[in-house]
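>
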Amino acid sequence: MECCPSSSLLKAATFEVDDAIAESIAFVTTYMRAVESRREDRIINDPFAEPLTREQQSKIEKFMVEILSEISSDLPNTIAIRTRYLDEALHHRDPRIKQIVILGAGLDARAYRLNSLRGSHVLEIDQSGALFEYKAKVMAELHAPLVAQSVDCITSNLVEADLEANLMGHDFNPTMPTFWAMEGVISSMERPNILELLKAIDHLSAPGSAFWADIPGQIVVADKELGNVAMKYGEDNPMSGVFCEISWTMDMQASLKNAGKHFARNWTPPLSSTSGQTIPFSFVVGKKPL
């Protein structure tokens with residue numbers, strides 16, 4: 000099995016959030032997790048991140064220079080903190096939730112590394128089947144055992160109407176409470192598509208279900224803060240924004256708007272290179288009432 004089709008992996012003819020860019024961002028995110036995992040004061044430990052990016056390291060670094068050259072130099076810290084907050088949300092979820100859906104999963108290895116997923120059915124969804132093929136190849140070479148009870152990898156575009164059919168075709172049970180993870184998903188979608196996704200999640204979720212999402216401030220869209228990579232959506236006050244379009248209770252897990260400490264890690268919010276304003280990031284947890 001080839002690692003990934005050479006026509007798309009870490010190559011982009013246009014700077015849009017298409018398959019090629021999405022695959023590249025998945026590799027960059029995983030590479031940042033590998034960087035964090037090597038630190039003595041690490042706040043996450045993803046032992047699979049390095050082998051998942053080893054073959055592509057030079058391409059990843061080239062992509063970061065050419066495409067992400069204008070992004071904050073604190074990207075590794077941002078990714079590490081974001082990863083840890085989702086890990087924490089999974090750890091502290093209602094223990095009755097044994098069905099986990101990871102949207103935009105890419106090279107996510109939580110089904111292999113998080114003890115909190117033991118006994119759970121994990122359904123990973125990504126628009127790139129090539130990423131899933133690559134991950135399966137690497138994990139097979141590592142003889143990596145699953146921590147989760149089972150994992151299904153589903154190739155599906157989140158803005159298309161086949162999400163429900165794809166989930167149901169992989170033993171998704173809508174009568175069971177579900178945890179929906181949307182790491183790095185919201186900012187890559189237009190608001191109408193986000194609304195459709197949230198409505199689909201609401202429709203498929205039994206009472207007691209939960210979701211986690213990260214969302215940047217609106218400035219990342221207005222000031223094009225991620226360099227040449229298109230960011231399509233952001234909100235300055237996510238507690239009164241798009242997530243309120245479904246009748247779930249919302250909690251702000253954490254905000255990275257102000258300087259402080261997160262998991263004993265010093266954090267200084269990045270500033271817009273265009274306006275000089277703080278670039279906020281928020282982590283939100285939603286729960287469907289019983």
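Each residue of the sequence shown is one higher than the one before, starting from 0 at the first, in the working numbering. In this text, a Cβ means the ideal position worked out from N, Cα and C, and glycines have one as well. Remember, predicted model here, so these are calculated numbers, not experimental data.
What residue does the beta strand (DSSP E) around Ala209 start on, and which one ends it?
Run containing Ala209: Ala209 to Pro215, per the beta strand (DSSP E) assignment.
> Grab me the residues of Asn165's own chain with a C-beta within less than 7 angstroms of its C-beta, minus the 5 sequence neighbours each way, in chain order.
These residues qualify, in order along the chain: Ile153 and Ser155.
> With DSSP as the reference, please indicate the residues paired to Ile42 in a beta bridge.
In DSSP, Ile42 forms no bridge with anything.
> What's the call for Gly285, buried or exposed, on a 16-neighbour Cβ count within 10 Å?
So Gly285 counts as buried.
> Quick one: give me the first and last residue of the beta strand (DSSP E) that Val284 is part of.
Here the beta strand (DSSP E) through Val284 covers Phe280 to Lys286.
> Considering only C-alpha positions, which residue in the set Pro191, Leu51 and Ser204 is nearest to Lys134?
Of the candidates Pro191, Leu51 and Ser204, the one whose C-alpha sits nearest the C-alpha of Lys134 is Leu51.
> With a floor of 3 residues, list each beta strand (DSSP E) that falls wholly inside the region 115 to 187, ordered by position along the chain.
Segments of the beta strand (DSSP E) lying fully in the region 115 to 187: 120 to 125, 149 to 154 and 177 to 181.
> Secondary structure at Asp107, three-state DSSP: helix, strand or coil?
If DSSP states are grouped into helix, strand and coil, Asp107 belongs with coil.
> Beta-carbon within less than 7 angstroms of Leu113's beta-carbon, same chain only, minus the 5 sequence neighbours each way: which residues are those?
Asp86, Leu89 and Val146.
> My guess is that Glu182 and Arg32 are in contact by the Cβ rule of under 8 angstroms, so how many angstroms apart are they, rounded?
Not really, about 11 angstroms apart at Cβ, beyond 8 angstroms.
> Grab me the residues of Glu244's own chain with a C-beta within less than 7 angstroms of its C-beta, minus the 5 sequence neighbours each way, in chain order.
Excluding positions up to five away in sequence, the list reads Leu194 and Leu197.
> So what does DSSP say about His261, is it helix, strand or coil?
Reduced to three states, the DSSP call for His261 is strand.
> Let me know the secondary structure DSSP gives Gln276 once reduced to three states.
If DSSP states are grouped into helix, strand and coil, Gln276 belongs with coil.
> Within a Cβ cutoff of 7 angstroms, which residues of the same chain sit near Ala104, ignoring the five residues on either side of it in sequence?
Within the same chain, Ala104 has close Cβ partners Glu123, Ile124 and Asp125.
> So, helix, strand or coil for Glu15, using DSSP?
Any reading at Glu15 is ruled out, since the residue's pLDDT is 34, under 50, leaving its predicted position unreliable.
> CB-CB under 6 angstroms to Asp17, same chain, minus the five flanking residues each way: which ones, in chain order?
Its pLDDT being 43, under 50, Asp17 is placed unreliably by the model, and the measurement read from it follows with that caveat. The answer is none, since no qualifying residue turns up.
> Report the CB separation of Pro206 from Pro288 in whole angstroms; it is logged as a contact under 8 angstroms.
Right, their Cβ atoms sit about 6 angstroms apart.
> Quick check on DSSP: helix, strand or coil for Thr305?
No statement about residue 305 is possible, as the shown extent of the chain runs from 0 to 289 and does not include it.
> Please work out which residues of its chain come closer than 8 angstroms, Cβ to Cβ, to Thr13, disregarding the five sequence neighbours upstream and downstream, and give them in chain order.
The pLDDT assigned to Thr13 is 30, lower than 50, so where the model puts this residue is not dependable, and the model offers no usable value.
> Express the C-alpha separation of Asp40 and Arg264 in angstroms, rounding to a whole number.
Going by the C-alpha atoms only, they are around 8 angstroms apart.
> Buried or exposed: where does Gln98 fall if 16 or more other Cβ atoms within 10 Å of its Cβ makes it buried?
It is buried - the Cβ of Gln98 has at least 16 other Cβ atoms within 10 Å.
> Can you tell which of Asn192, Ser36, Ala139 and Thr77 has its C-alpha closest to the C-alpha of Thr267?
The residue with the shortest Cα to Cα distance from Thr267 is Thr77.
> Can you grab the Cα-Cα spacing for the pair Glu1 / Glu132, in whole Å?
Residue placement at Glu1 cannot be trusted, given a pLDDT of 31 that sits under 50; what the coordinates show is reported in the next sentence. Computed Cα separation, rounded: 8 angstroms.
> If you follow the alpha helix (DSSP H) that Ile200 is in, where does it begin and where does it stop?
Note, Ile200: alpha helix (DSSP H), Arg190 to Leu203.
> Using only the alpha-carbon positions, how far apart do Gln252 and Gly128 sit?
If I take the Cα positions, the gap works out to 31 angstroms.
> In whole angstroms, give me the CA-to-CA distance for Ile24 and Ser254.
Cα to Cα, the separation comes out at about 23 angstroms.
> Can you tell me whether DSSP reads Ser36 as helix, strand or coil?
Ser36 falls in the helix class under three-state DSSP.
> If you draw a straight line from the C-alpha of Ile96 to the C-alpha of Trp211, how long is it?
Approximately 14 angstroms, taken between the alpha carbons.
> So, using beta-carbon positions, are Ala180 and Ile101 closer together than 7 angstroms?
Yes. Within cutoff.
> Have a look at Ser115 and Val121 and give me their C-alpha separation to the nearest angstrom.
Cα to Cα, the separation comes out at about 12 angstroms.
> Assuming the contact rule is C-beta atoms closer than 8 angstroms, Ser281 and Pro237 should be a hit. Round their C-beta distance to whole Å, please.
That belief holds up - the Cβ atoms of Ser281 and Pro237 are roughly 5 angstroms apart, short of 8 angstroms.
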